[in-house]
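For the sequence shown, position 29 matches number 28 in numbering that gives the first Met the number 0, and the numbering has no gaps at all. For each residue, glycine too, the CB sits at the ideal point set by N, CA and C. One structure below.
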Amino acid sequence: MGVHSASHRVLPALSDDDLNGELVESRERVRAATARAVELFSYPYGRWDARVERAVRNAGYTGAVTLDPGFNTGVCDPWRVRRINVPAEIGDAPLQASGLALRAAFS
């Protein structure tokens, strides 16, 4: 289970106190709503820097995903996991086709 911050602000632009608040509040909200541990973080808008990465680590997450394009290898940095952005307006057919293509690539 992962989170995307409390209010989806651009994290590198925040003060240290606001940044920590975003990281902790979002985790606690999801934990309270689901009764599940929250381990992963997703950098809003894919925006992060070394300070944000350290804050995410210090907040107790075990990894984080970026919007950096490309595929991950077995030795990828758990704080800089790449992901494929799926636009909100994508239809069912392209989404299903992309899932089939990914499965074929990894089988």
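Limits of the unbroken beta strand (DSSP E) element including residue i
i: residue 41; result: 39-41
Beta-carbon proximity list for residue i, same chain, < 6 Å, skipping 5 on both sides
i: residue 67; result: 81
i: residue 26; result: 2 and 37
i: residue 7; result: 43
i: residue 69; result: 81
Nearest-angstrom Cβ-Cβ length linking residue i and residue j, presumed shorter than 8 Å
i: residue 58; j: residue 22; result: 4 Å
i: residue 10; j: residue 46; result: 6 Å
i: residue 77; j: residue 62; result: 4 Å
Contacting residues, own chain, Cβ-Cβ under 8 Å from residue i (five flanking each side not counted)
i: residue 75; result: 81
i: residue 39; result: 0, 1, 2, 60, 61, 62, 63 and 64
i: residue 56; result: 78
Run of the alpha helix (DSSP H) containing residue i, from where it starts to where it stops
i: residue 20; result: 15-33
Residues near residue i by beta carbon distance below 7 Å, same chain, minus five either side
i: residue 106; result: At residue 106, the pLDDT of 49 sits below 50, so the modelled position is not reliable; the number obtained from the coordinates is stated separately. If we look at residue 106 and ignore the five residues flanking it on each side, it has no Cβ neighbours.
i: residue 114; result: For the chain, the structure presents residues 0 to 106; residue 114 sits outside this window and is missing.
Legend entry - Completely contained alpha helix (DSSP H) runs for the segment 43-75, where each covers 4 or more residues: Restricted to the segment 43-75, the alpha helix (DSSP H) segments that are unbroken, complete and at least 4 residues in length are 49-57, listed in chain order.
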